Each structure stands twice: as structure tokens, then as C-alpha cells.
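Below is one structure, written out as C-alpha cells; the observations come after it.
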């Protein structure tokens, strides 16, 4: 195999380079004022399982969708969306979780149509990991007016907590907001090198990435989702690459052995 230009490789590997939508709808939807039409309860956190979005691959979430249950021309001050991954399957108590990543923060005044989905484009894309539960936080500081959103019943209790954003605790709820997201599927790929038995593991990875069947002369290059080179070097004699210093997210790795591209794949850094 000859050396391959990385940008060509990304294009060849991509299943789709445009955003795709993945939606969750619970059973028995009802309207709810939390958090965009309530002063007392202007904050909610929810846990979504990978099974709620069964076809979503790893990639970057670039927008979220919520289903409106009222029509309005809202004027919401400092609407915030935060996201994170978690091993929790339920909230063990009513304490709010801290440390989530802010992916949207700003005023919101896009007209809302009852029964339609509203789109909130994220200012910071969030790396979605289909092996972990997704935590979503929604809040606002004030509204005039606000709007209600749809939520549905769930089979598992305590997957939502809500309350006032200025407090540390709230109330557990046995419902989930109807929600979806757009994903930039330029990261959904078919690996180059897999046909020859070359692979990387573990994926997702925390600190050290292992590469099978490469020689002591192998070199690697790491790229971000935009195709920017962020690191390169030699694969260790043990066939490993240290990725511990990378921020959480989705990345590409290419491996060259004897001046030939023998492996190209994407991986998730936790």
C-alpha cells in the first residue's frame, strides 16, 4: 500500500460528511414547564442511555433538538446547555451533578411552534461516545415569555433531577424530555488496515493506545476532526502510543510503516 494523503483518506473513509439526526421520544408525552417556563424550576439534568439513540455512532454532537408543546416568541436570558458522560444509570439522590461541559450559553429568541422541534446549535461540539450514558443539563436565568417542552414516561425511575439553578439539590423525576441531536458524521469511518489484521485498542482509550502488527520502524500521526495535525512520533517498541495528554474527544490516527500508510482509524479519548 502506498502512502496516502490524509485529507483524501478522510474523504474516502467518511460514510457521510453531513449531519445526521438521532431522536429519543418517551412513552406518553406530556407538556412540562421545566426548565424554560418556570422561575422556581429553571434547571434540569437528565441521563440518556445509548439505547435511547440505538443507531448513533461515535462522533461530534453539533446541535440538540427539543420538542415544544406551546407556541411562543420566547425571550430567554442565558439559556445554557451542558453535557457530559457518566457511568450512572440513575440519579442516586436529588443532588445536582457538577463539572459538565458548557456547549451552549446565550439568549434564545427563536419563535417556537407547538408540536415542532426547536434546534439549539451548539457553540462547542460535544464528543458522543455510544458506549457511555449521556448527561444533558438545561437551564435559564429568566424568560418573558418562555415555552413548554414535551417529556415522556420511562421504565426506569430517577433519570432526571430538576429544581432551581441556584440550589445544589432538587427533585428526582421519572420522566425524560423528548430530545435529539445532530451529529457530524465525518467521523463515522471504515478503517484502513483492518483487512490486514491491523487494529487499535482499547477504543475508547484513557491513556495508552495499542497498535497490533506494526514494526519497530512504524510512525504515527494524530489529527483532530478538522484534519489538523496535533501530534506525531514513533510507535513504541511495544506497539503503543501515549495519548494521555489529549483532551476528551474524537480523533484520527494514521500509522506509516516503511513509508506506507498501513492503518488509519478513528478513536475516542475519554
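Numbering (mature numbering (1 follows the signal peptide of the UniProt record, and there is no 0)), first residue to last: -19 to -1, 1 to 251.
We treat Cβ as the ideally placed atom computed from N, Cα and C, and that holds for glycine.
Remember, predicted model here, so these are calculated numbers, not experimental data.
- Take the alpha-carbon of residue 233 and the one of residue 239: they are about 20 Å apart.
- Closest by C-alpha distance to residue 9, out of 46, 136, 210 and 151, is 136.
- Straight through space, the alpha carbons of residue 28 and residue 143 are spaced by roughly 12 Å.
- The region 46 to 62 makes contact with the region 86 to 98; the number of CB pairs closer than 8 Å reaches 3 or more.
- When the Cα atoms are used, residue 46 and residue 26 turn out to be separated by approximately 15 Å.
- Residue 160 is not a Cβ neighbour of residue 12, given a cutoff of 9 Å.
- Residue 119 and residue 225 have their C-alpha atoms roughly 30 Å apart.
- For residue 241, the uninterrupted beta strand (DSSP E) segment begins and ends at 241 to 250.
- In this structure, the beta-carbon distance from residue 210 to residue 202 falls below 9 Å.
- Per DSSP, the unbroken beta strand (DSSP E) holding residue 10 starts and ends at 8 to 13.
- Secondary structure within the region 80 to 140: the beta strand (DSSP E) runs of 3 or more consecutive residues, fully enclosed, are 82 to 89, 98 to 109, 114 to 120 and 130 to 134 (chain order).
- Residue 75 sits in coil when the DSSP states are folded into three classes, being neither helix nor strand.
- Sorting 76, 57 and 36 by C-alpha distance to the C-alpha of residue 5 places 36 at the top.
- The beta carbon of residue 122 sits closer than 6 Å to the beta carbons of 58 and 59 from its chain, once the five residues preceding and following it are set aside; these are given in chain order.
- Of the other Cβ atoms in all chains shown, 16 or more fall within 10 Å of the Cβ of residue 165; this residue is therefore buried.
- Excluding the 5 residues flanking it on each side, residue 49 has same chain C-beta neighbours closer than 8 Å at 93, 94, 95, 96, 97, 98, 99, 128, 129, 130 and 131, in chain order.
- Residue 182 is classed as exposed because its beta carbon has fewer than 16 other beta carbons within 10 Å across all chains shown.
- Buried is the label assigned to residue 51, since at least 16 other Cβ atoms lie within 10 Å of its Cβ.
- Annotated as distal: residue 186 and residue 236, with beta-carbon spacing of 9 Å or more.
- Of 134, 117, 16 and 218, the smallest CA-CA separation from residue 79 is found for 117.
- Residue 212 and residue 222 have their C-alpha atoms roughly 11 Å apart.
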